[in-house]
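Numbering (this note's numbering), first residue to last: 27 to 304.
Built from N, CA and C at the ideal position, the CB exists for glycine as well.
Keep in mind it's a predicted model, so treat the numbers as computed, not measured.
Right, one structure below, let's go through it.
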């Protein structure tokens, strides 16, 4: 009976993994396939799994106007800017929370409560405030709230790595003459670089795909990729909008593919180390 149980276990595990992988990758396959279909193939029944006559017309239309190119440019600036600012604030905050007891509740628990609030709770007051400052439909108008929200993810992700660094290392460094103010960035940061990279990637993905705040705080000049995809999709079958949305979505996958290719080993080591630390 034990032998039968052992022989069945891998089968169910591998079957479950295959189902999860297929369910995860099928939407990606469908979007990429749709980006090369003609307008007729997009709406024909039964559906075409692969384009019968592959075409680049959706890409041509999506990027011939400035909408698609501008959306990618805006998303890059906002995602990189928001990630940098969140790391710049989040890493020192994580260090303070890890090393000092004062203010832990305010800095670690209250942000979780705020993060659980609907985005509209943040967006509506921001819209009123930005309107008075003339910051609506500006890049900095999105970078600031994005970093303000994602900084808490940076704190939560980096703090366990800082906790794992013995304090004796800091004491030894100060005995050797290293100033206290240089400890976080000069000593601790290189030791927790894996956690910082993981937090940066996670925050970048959140900023790259955020929709609600961008919808409420932008007009036409600073539309991001999610908003431009929604605009293309709203055109429907009239102007090949769904094909253009699929084309823009396919291009927007490039940062994720680059991250997966260059940082996969780093991410595996980081998550493995985090599991061991816990």
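Rounded to the nearest angstrom, the gap between the Cα atoms of residue 229 and residue 94 is 23 Å.
Around the CB of residue 67, 16 or more other CB atoms lie within 10 Å, so the residue is classed as buried. Rounded to the nearest whole angstrom, the CA to CA distance from residue 259 to residue 123 is 44 Å. Of the other Cβ atoms in all chains shown, 16 or more fall within 10 Å of the Cβ of residue 234; this residue is therefore buried. Within its own chain, the residues whose Cβ lies closer than 6 Å to the Cβ of residue 181, once the five positions on either side in sequence are excluded, are 116, 119, 120, listed in chain order. DSSP places residue 273 inside the alpha helix (DSSP H), whose first and last residues are 267-278. Under the 10 Å beta carbon count, residue 253 is surrounded by 16 or more other beta carbons and is classified as buried.
For the region 75-119, the full-length alpha helix (DSSP H) segments reaching 4 residues or more read 83-90 along the chain. Taking C-beta atoms as the reference points, residue 184 and residue 223 fail to come closer than 8 Å. Straight-line spacing of the CA atoms in residue 41 and residue 70 works out to 32 Å.
Looking from the CA of residue 110, the closest CA among 171, 279, 38 belongs to 171.
Residue 250 holds the alpha-carbon nearest to the alpha-carbon of residue 274 among 287, 250, 285. The C-alpha of residue 53 is placed about 29 Å away from the C-alpha of residue 245.
269 is the residue among 269, 282, 114 whose C-alpha sits nearest the C-alpha of residue 82. By the neighbour-count criterion, in which 16 or more other beta carbons inside 10 Å mark a residue as buried, residue 276 falls on the buried side. For residue 182, the enclosing alpha helix (DSSP H) stretches over residues 165-189. Restricting attention to 239, 220, 192, the CA atom closest to the CA of residue 148 is found in 239. Taking all protein chains in view, the Cβ of residue 236 is crowded by 16 or more other Cβ atoms within 10 Å, so the residue is classified as buried. Assigned with DSSP and collapsed to three states, residue 62 falls in coil, not helix or strand.
A residue is called buried when at least 16 other Cβ atoms come within 10 angstroms of its Cβ; residue 169 meets this threshold and is buried.
Buried is the label assigned to residue 104, since at least 16 other Cβ atoms lie within 10 Å of its Cβ. Judged by DSSP secondary structure, residue 214 falls outside any alpha helix (DSSP H); it is assigned neither H nor E. For residue 47, the number of other beta carbons within 10 angstroms of its own is below 16, and it is reported as exposed. Put simply, of 112, 158, 106, 57 the residue whose alpha carbon is nearest the alpha carbon of residue 85 is 57.
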